[in-house]
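For reference, each letter of the sequence shown is one residue, going 1 to 212 in the UniProt record's numbering.
Virtual Cβ for every residue (Gly too), placed ideally from N, Cα, C.
Notes for the one structure printed next.
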Amino acid sequence: MTFKLQKRPDMASRRADMSKRDADGVPQNEDASYYLSDPEDCFGGMGIFASPAAFMTFLQSLTANDGRLLRTETVEDMFRPQLDHECEQSLNDELDSRRETNHGGLLPLVGIRRNHGLGGLMAMEDCDGTNWRQQGSMGWGGFPNLYWVRASLLLFLRYDANKLLTQCIDPKAGICILIAFQLIPWADKQCIELGRLFERAMYQKLNDNMEK
Numbered sequence: 001m002t003f004k005l006q007k008r009p010d011m012a013s014r015r016a017d018m019s020k021r022d023a024d025g026v027p028q029n030e031d032a033s034y035y036l037s038d039p040e041d042c043f044g045g046m047g048i049f050a051s052p053a054a055f056m057t058f059l060q061s062l063t064a065n066d067g068r069l070l071r072t073e074t075v076e077d078m079f080r081p082q083l084d085h086e087c088e089q090s091l092n093d094e095l096d097s098r099r100e101t102n103h104g105g106l107l108p109l110v111g112i113r114r115n116h117g118l119g120g121l122m123a124m125e126d127c128d129g130t131n132w133r134q135q136g137s138m139g140w141g142g143f144p145n146l147y148w149v150r151a152s153l154l155l156f157l158r159y160d161a162n163k164l165l166t167q168c169i170d171p172k173a174g175i176c177i178l179i180a181f182q183l184i185p186w187a188d189k190q191c192i193e194l195g196r197l198f199e200r201a202m203y204q205k206l207n208d209n210m211e212k
């Protein structure tokens with residue numbers, strides 16, 4: 001991962017091209033300059049370059065809060081709601097009025113109470129029980145339809161009839177998902193639909209494994 005792609009020719013040679021839908025909705029190669037090729041500063045938006053595998057390593061560390069990249073206290077601060085009631089209401093009113101956008105990634109566009117953490121948009125209630133993002137999950141969406149989510153699991157107990165005991169799942173355990181389309185324009189409807197289907201499939205797989 002780097003903010004200075006010009007200093008990493010090994011990564012620059014592997015930079016993914018961009019695609020753009022034409023007037024008929026067909027993706028076409030559109031590798032226009034959508035980033036600063038030689039930045040002096042490390043920008044927060046569209047600033048860092050990484051392979052999906054490398055970024056997943058980062059997300060996994062945040063999800064586990066293992067202290068390898070950031071202190072435990074820092075991660076806890078990142079995933080703590082920052083808005084008071086009045087600001088939270090203003091945020092939700094604004095997002096609910098923009099139903100064609102993907103602020104915060106793939107959350108339902110309306111009907112879910114949201115807040116903002118230091119790392120992204122947070123769901124303040126379950127989206128669909130344990131079948132999708134749960135209270136306290138966080139996500140965000142990027143310009144070329146890139147989405148990530150980190151969600152804590154609220155399923156703590158499992159009964160094992162064979163061993164006649166109750167096993168605990170660490171409440172800090174969680175799931176993280178990265179979806180990268182590399183396609184513009186932003187908030188592409190098909191990308192959002194596919195992304196949500198993929199997320200739900202991952203949650204379903206997780207629930208199925210928990211029931212075994």
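So, is P144 buried or exposed, given that buried needs 16 or more other C-beta atoms within 10 angstroms?
-> buried
N115 classed as buried or exposed, judged by whether at least 16 other C-beta atoms fall within 10 angstroms | buried
In the structure shown, what three-state DSSP assignment does I177 receive?
-> strand
Considering only the beta carbon of each residue, do F198 and I179 sit closer than 8 angstroms?
-> yes
Where K4 sits in the DSSP three-state scheme = coil
Measuring alpha carbon to alpha carbon, tell me which of I184, E193 and D66 ends up nearest V26.
-> I184
Straight-line Cα distance separating N207 from R121 = First, the residue type needs correcting, since residue 121 is Leu and not Arg in the sequence shown. Those two C-alpha atoms are separated by around 24 angstroms.
Counting Cβ pairs closer than 8 angstroms, one from the region 70-82 and one from the region 119-133, do we hit at least three?
-> yes
Contacts around R150, its chain only, beta-carbon distance under 7 angstroms, and the 5 residues preceding and following it disregarded = L59, L62, T63, S137, M138, G174 and C176
For the 8 angstroms Cβ check, are there 3 or more pairs between the region 37-57 and the region 1-12?
-> yes
Nearest-angstrom Cα distance between Q28 and D188?
-> 14 angstroms
Span of the alpha helix (DSSP H) holding A123?
-> No alpha helix (DSSP H) holds A123; the beta strand (DSSP E) holding it covers L121 to A123.
Within its chain, find whatever has a CB closer than 8 angstroms to the CB of E73; leave out the 5 residues flanking it on each side and keep chain order.
-> none
When we look at the beta-carbon of C191 and count the other beta-carbons within 10 Å, is it buried (16 or more) or exposed?
-> buried
Top-ranked residue by Cα proximity to residue 228, from G111, D22, P9 and K205 | Only positions 1 to 212 of the chain appear in the structure, and residue 228 is not among them; the question remains open.
Within this structure, are the beta carbons of L106 and R196 separated by less than 8 angstroms?
-> yes
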